[in-house]
Structure formats: C-alpha cells, structure tokens
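Take the sequence shown: its letters are residues 6 to 120, numbered as in the numbering used here.
We put the CB at the ideal spot given by N, CA and C, even for glycine.
Data first, discussion second: the structure below is written as structure tokens.
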Amino acid sequence: MKRRSLVGVLLLVASGVHEAANAIEMNPPLGQCRIVRANAMMVPTWRDNGVTVQKATDNVLSPLLAFGPSNMEMERWRDYVAAVYAGGMDQGAVDRKFESLCKRFEGLKIPTPLP
Numbered sequence: 006m007k008r009r010s011l012v013g014v015l016l017l018v019a020s021g022v023h024e025a026a027n028a029i030e031m032n033p034p035l036g037q038c039r040i041v042r043a044n045a046m047m048v049p050t051w052r053d054n055g056v057t058v059q060k061a062t063d064n065v066l067s068p069l070l071a072f073g074p075s076n077m078e079m080e081r082w083r084d085y086v087a088a089v090y091a092g093g094m095d096q097g098a099v100d101r102k103f104e105s106l107c108k109r110f111e112g113l114k115i116p117t118p119l120p
C-alpha cells in the first residue's frame, strides 16, 4: 500500500474513532455503531496488509457484542468479512455499503438516568 493512502486511512480511522467517542458520550448506540462501521470499513485494508481473516473477523465482531446480536446476525458479518477477503469488494464498495449504517441511531434520544 502506498504511504499516502495508508496515512489517509489512518486519518480516516482516527477521525472516526474521535467521532465515535464523542457520540458514545451523548448517544451510546450511535457511538457503538460508528465503531462497528469503522471496523467494517477497515476490512479491505486488513486484507491488503496481510491480516488473517480470523483476526479481521474478530475485529468486526467484537464491537457488535454490545448490540446483543443473534447467531444469524453474527453469521452475516462473518460472511461479509469472507466476501471482502475473497476479493468481492474493494474499498469504494465497502465505503458505499456502510455510509448510512448508523443513520437509524442518529435521532435516538437516550434519557439520562436519575436517582
């Protein structure tokens, strides 16, 4: 991978992590979804950099646990990672696929717990 594109990916991830951290404070499901999205969008980079499919799968599945996913939902994410590793998706396709992943959480109002 060219140095310029690697730096761009790292900046994207860093800004996504910062964005997710801010969202977690105000809307935990939105923040967690943004972490899922950032990890999902990293799969082509991990593939291209020689990260094992098992490690990439673990990276994607780990933040999903906060949502209490079913076995079927976990399997769909495993299938996604396998498809990317099989060469079925490039970075552009992945970016388009997950662009609106967290939209449904954006307007979610979480009441503040009170004593």
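For residue i, the nearest candidate out of the options (CA to CA)
i, options, result
"Met79", "Val65, Ala88, Arg52, Val89", "Val65"
"Thr1", "Pro68, Arg109, Arg39, Tyr90", "Here the chain comprises residues numbered 6 to 120, so residue 1 is not present and cannot be evaluated."
"Gln162", "Asp53, Ser67, Val56", "Past the edges of the chain, shown from 6 to 120, lies residue 162, and the structure says nothing about it."
"Leu35", "Glu111, Arg81, Asn76, Leu119", "Glu111"
Within 8 angstroms, strictly: CB atoms of residue i and residue j
i, j, result
"Ala88", "Met94", "yes"
"Phe103", "Ala45", "yes"
Through-space distance from residue j to residue i, alpha-carbon basis
i, j, result
"Gln59", "Arg109", "29 angstroms"
"Gln96", "Tyr85", "13 angstroms"
"Ala28", "Val99", "Here Ala28 scores only 48 on pLDDT, less than 50, and its place in the model should not be relied on; the value that follows carries that caveat. Near 22 angstroms, if we compare the C-alpha coordinates of Val99 and Ala28."
"Asn76", "Ile115", "27 angstroms"
"Arg81", "Pro74", "10 angstroms"
Extent of the continuous alpha helix (DSSP H) to which residue i belongs
i, result
"Pro74", "Here Pro74 belongs to no alpha helix (DSSP H), and DSSP marks it neither H nor E."
"Val56", "No alpha helix (DSSP H) holds Val56; DSSP gives it neither H nor E."
"Ala91", "No alpha helix (DSSP H) holds Ala91; DSSP gives it neither H nor E."
Below-8 angstroms beta-carbon distance, residue i vs any chain D residue
i, result
"Ala88", "Absent here is chain D; the protein component of the structure consists of one chain."
Check: residue i C-beta below 7 angstroms from any heavy atom of the ligand HEM
i, result
"Thr62", "Among the ligands in the structure shown, none appear at all, so the ligand HEM cannot be discussed."
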